[in-house]
Amino acid sequence: MGKTVLVVANWKSNGSLADAHVLAMGVRNECEHIDGVQVVLCPPAVWLTEVRNIVHDQIHHLAVGLQDISSEPAGAYTGEIAAALVAGLAQFVIIGHSERQRLYRESDEQLHEKIRAALTASITPVICVGEQQQSSTSKVTLARQLDRVLHTLTATQRNQCIIAYEPVWAISKGKLKSTRPASAEYANEVAEYLHRVVPATTKIIYGGSVDAANVLTFVAQPHLDGVLVGAASLHLREFSTLIKNAAKASDHADKYR
Ligand code: PGA
């Protein structure tokens with residue numbers, strides 16, 4: 008099939024410093040023996056430096072990211088993390104996760120500003136889009152949603168982003184195997200449709216109840232370049248197997264069959 012599979016781990020607001028250390032060390036050991044997968048660990052922001060020190064410069068296909076970023080520049084914004092502060096520390100940032108949109112009411116304009124801030128700081132935005140409920144018009148609604156948050160971005164800038172299709176109904180509340188994922192074929196169809204809004208070379212990944220057992224069905228789809236993983240990324244054994252299984256759809260697949 009021939010691709011590098013992107014696996015983004017969203018740890019959300021979970022784990023102590025010790026947990027972050029153990030998990031990052033474990034993933035690093037796993038990644039040392041795997042090719043064809045780029046793994047991005049997104050710990051809670053307070054553990055960013057710890058995780059980055061573990062993965063940094065050790066292995067080229069392991070990176071760190073944030074789960075959110077400020078739409079404002081550095082300055083008098085209490086509690087915010089400006090993109091400029093983490094430039095060089097984080098290589099990726101998740102923007103517009105449905106939990107943030109639902110719980111903190113982020114507007115399209117704010118998301119747009121966050122994307123611009125990340126790009127200016129040379130941090131790759133992983134932009135989430137997803138429908139509340141599946142319907143026959145979902146794809147059209149999603150494409151509009153994506154176009155709104157990208158509206159002033161050029162094709163080149165759009166190509167620097169990663170799009171995460173995350174149907175809200177498929178995202179777990181944090182427990183492994185508690186929610187049903189979308190079908191891989193449907194996620195692939197949505198990804199193909201979203202390429203009307205972003206260039207054909209823009210990476211699109213799927214998120215929502217991805218685990219070690221189902222990951223390959225997603226990453227083997229022609230229009231999907233990887234996955235965004237929540238609950239399964241917090242369990243080292245599950246996540247290690249997930250990475251190995253994701254690698255089976257990569258350029259290096261022969262090694263893992
Ligand atoms: P989940 O979370 O894998 O636990 O469903 C995905 C996400 O929220 O990004």
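For the sequence shown, the residue numbers in the working numbering are 8 to 264.
Even for Gly, the Cβ is constructed at its ideal location relative to N, Cα and C.
Since the structure is predicted, the reported quantities are computational estimates derived from the model, not experimental observations.
Check, Outcome
"Run the proximity test for residue 216: is its beta-carbon closer than 8 Å to any non-hydrogen atom belonging to the ligand PGA?", "yes"
"Counting C-beta neighbours from all protein chains within 10 Å, is the total for residue 29 16 or more, i.e. buried, or is it exposed?", "exposed"
"Which value, in whole angstroms, describes the spacing of the CA atoms of residue 68 and residue 130?", "16 Å"
"Please look up how many angstroms separate the CB atoms of residue 120 and residue 78, rounded, as I've assumed it's under 8 Å.", "4 Å"
"Please state whether the Cβ-Cβ distance between residue 248 and residue 215 is less than 9 Å.", "no"
"Beta strand (DSSP E) containing residue 211: first to last residue?", "210-214"
"Using a Cβ distance threshold of 8 Å, determine whether the segment 138-151 contacts the segment 111-127, with at least three qualifying pairs required.", "no"
"Using a threshold of 8 Å, is the CB atom of residue 17 nearer than that to any non-hydrogen atom of the ligand PGA?", "yes"
"Roughly how many whole angstroms lie between the Cα atoms of residue 118 and residue 76?", "10 Å"
"If you drop the 5 nearest sequence neighbours on each side, which residues of the same chain put their C-beta closer than 7 Å to that of residue 174?", "137, 138, 141, 189 and 215"
"Among the candidates 15, 212, 203 and 52, whose CA atom is the shortest distance from the CA of residue 7?", "Beyond the ends of the chain as shown, which are 8 and 264, falls residue 7; an answer cannot be given."
"Distance, Cα to Cα, residue 152 vs residue 235?", "19 Å"
"Using 8 Å as the Cβ pair cut-off and three pairs as the minimum, do the segment 218-227 and the segment 80-90 touch?", "no"
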